[in-house]
Every structure is written in structure tokens, then in C-alpha cells.
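Chemist: Residue numbering for the sequence shown follows this note's numbering, starting at 64 and increasing by one per position.
A single structure is presented below for examination.
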Amino acid sequence: WQGIGLPRYAASASNKTPVCHDRYVLSHDNASKTPDWVVEVLTRGKLSNKFKRPDQTFSPDPRVPPSGRPEAGDYAKTADKFEIGHMAPSEDFNNSAVNMRDTFYFSNAVPQAGDAFNAAIWKKLETEVRNAAIARKKLYVITGPVRGDGAQRTIKIAKADNACGGAIELDAIKTKIVCKAVNTKKATTCSSGVV
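Listed below in C-alpha cells is the structure:
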């Protein structure tokens, strides 16, 4: 990761776990049970299309403390139609079946809003990133969730902070928690789960 370095937290940040996998690294936020960021290096040579996406489900990452691990049921049949979405996509590692399987940890995933988001616009974005890696030969990709703060808020990125030169305003979001208890209708709210 010497080519770009890794994001750093302020001294006050706590409850974070650095996680190193063979082809990607991440910082896991144990309170939200999701990654804060995931970094991968894509190269033209590693995008070989030798292997297809494995037929497997996500599982807890043994590198994350038990208190920071979601349960499989936290994502199952959510009332809000959240889907589990890769941050470092399995397809980015299609030159190795082992590396593709290595992306199916909850530490590499976040809930994605809308039942068509993951299979539509997010999939298109992932494809465009792979195309850019092929065209440029090497690309560093940093991915992470956009989280609310408990209240509905709009996220604004100032023109000066955008390398492309334009201001960006993201739709208002509100923090939600998905959990097995609500998904299985054993509760109406989550006391803990995936943010």
C-alpha cells in the first residue's frame, strides 16, 4: 500500500480494527459492524476473468472482534429492502478463486438501500472501475459507506474539495440499523445490528 498510503484516524477514534486480506485491506468500525473504508489495488494483469463469482454467502470475519461482527440474519429479508453489498467486489479478483472467496466477509460489506441498487447502479460502477484499471494498468480503489448521524441530513461536498471541480450534494440519508430480530419479526426495533 506504499503507493498511496492508508487513511488515518484522528487520535480520538476508537473501536476500530485494521483488517488485512491478501488483496485488500480495511478499517472495520466495530460499533456499526461495517467497514469505514476498504482499499484495493487493481491491475490489468489481475483482471483475467479466469474465474466466475463463487456461489457462497457472506460470513463473519475472524479478524474482527466478536462484538463487531454482524450475524447473517442481520441482512436477511430486511423490511427496508437492504441488500448486502461488497466494498471490494469479488469480480475484482477474478484471477483467483481463493481471492474471490476472500471477499465474502461481512467486514467487506455494507447494507445497500433499495432492492435494485446492488444489482444495477452499483454493479455498473464496479464495472467502470475495472475498465479504468484495465485502461490505466493500475488503480487504487478506496470504497466505504455513507452514514447518517441519526437525523436526516444532506451530505454536501464543496467545489474546492472535489478534484473534478464541481459541488456535489447527496440525497438526505438517515441512519438505520438492520438486525435479525426485526428481520424475523421478533422485534420492532433493533437494539444492535448493522448500521
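Cβ coordinates follow ideal geometry from the N, Cα and C atoms, glycine included.
#1: Would Pro128 be called buried (16 or more neighbouring beta carbons within 10 Å of its own) or exposed?
#2: Between Asn181 and the rest of its own chain, which residues show a CB-CB distance below 6 angstroms, the 5 nearest in sequence each way excluded?
#3: Tell me whether Pro125 sits in a helix, a strand or coil according to DSSP, three-state version.
#4: Taking just the CA atoms, how far does Glu232 sit from Ala223?
#5: DSSP three-state call for Asp137: helix, strand or coil?
#6: According to the neighbour-count rule (16 or more other Cβ atoms, all chains shown, within 10 Å of its Cβ), is Lys113 buried or exposed?
#7: Please identify the residue among Glu154, Phe121, Lys201 and Ala244 whose C-alpha is closest to the C-alpha of Trp185.
#8: Relative to the C-alpha of Lys239, which residue among Gly228, Ala230, Thr251 and Gly229 is closest?
#9: State the start and end residues of the unbroken beta strand (DSSP E) segment that holds Lys201.
#10: Buried or exposed: Ser122, going by 16 or more other Cβ atoms within 10 Å of its Cβ?
#11: Tell me whether Asp234 sits in a helix, a strand or coil according to DSSP, three-state version.
#12: Pull up the distance between the alpha-carbon of Thr88 and that of Lys249, whole angstroms please.
#13: Since Asn162 contacts Arg86 with CB under 8 angstroms, what's their CB separation in whole angstroms?
#14: Going straight from the alpha carbon of Asn194 to that of Pro98, what length do you get?
#15: Cα separation between Phe169 and Gly66?
#16: By the 10 Å Cβ neighbour count, where 16 or more other Cβ atoms means buried, how is Ala196 classified, buried or exposed?
#17: On the CB-based measure, 16 or more other CB atoms within 10 Å of its CB, does Ala94 come out buried or exposed?
Modeler: Looking at the coordinates:
#1: Taking the sequence shown and counting its residues from 1, the one referred to as residue 128 is at position 65. By the C-beta density criterion, Pro128 is exposed, having fewer than 16 other C-beta atoms within 10 angstroms.
#2: The count along the sequence shown starts at 1 and reaches residue 181 at position 118. The answer, listed in chain order, is Glu146, Gly148 and Gln175.
#3: Your numbering for residue 125 matches position 62 in the sequence shown. Taken through DSSP and simplified to helix, strand or coil, Pro125 comes out as coil.
#4: In the sequence shown, counting from the first residue as 1, residue 223 sits at position 160. In the sequence shown, counting from the first residue as 1, residue 232 sits at position 169. Approximately 13 angstroms, taken between the alpha carbons.
#5: Start at 1 with the first residue of the sequence shown, and residue 137 comes out as number 74. Three-state DSSP puts Asp137 in a helix.
#6: Against the sequence shown, residue 113 aligns to sequence position 50. Flag for Lys113 reads exposed.
#7: Along the sequence shown, one-based indexing puts residue 185 at 122. Out of Glu154, Phe121, Lys201 and Ala244, Glu154 has the C-alpha closest to the C-alpha of Trp185.
#8: Counting from one through the sequence shown, the residue named residue 239 turns up at place 176. Minimum Cα distance to Lys239 is reached at Thr251.
#9: Within the sequence shown, numbered from 1, the residue matching residue 201 stands at position 138. Its beta strand (DSSP E) spans residues Lys201 to Thr206.
#10: Residue mapping note: residue 122 aligns to position 59 of the sequence shown, counting from 1. By the neighbour-count rule (16 or more Cβ atoms within 10 Å), Ser122 is not buried but exposed.
#11: In the sequence shown, counting from the first residue as 1, residue 234 sits at position 171. Asp234: strand per DSSP, three-state reduction.
#12: The residue labelled residue 88 in the question sits at position 25 within the sequence shown. The residue labelled residue 249 in the question sits at position 186 within the sequence shown. First, the residue type needs correcting, since residue 88 is Val and not Thr in the sequence shown. Using only the alpha carbons, I get a separation of about 35 angstroms.
#13: As a working mapping, residue 162 is identified with position 99 in the sequence shown. As a working mapping, residue 86 is identified with position 23 in the sequence shown. That pair is a contact at about 5 angstroms.
#14: As a position in the sequence shown, residue 194 is number 131, starting the count at 1. As a position in the sequence shown, residue 98 is number 35, starting the count at 1. In a straight line, the C-alpha of Asn194 is about 25 angstroms away from that of Pro98.
#15: As a working mapping, residue 169 is identified with position 106 in the sequence shown. As a working mapping, residue 66 is identified with position 3 in the sequence shown. For Phe169 and Gly66, the distance between alpha carbons rounds to 26 angstroms.
#16: In the sequence shown, counting from the first residue as 1, residue 196 sits at position 133. When all chains shown are included, Ala196 counts as buried.
#17: Residue numbering aside, residue 94 sits at position 31 when the sequence shown is read from its first letter. By the neighbour-count rule (16 or more Cβ atoms within 10 Å), Ala94 is not buried but exposed.
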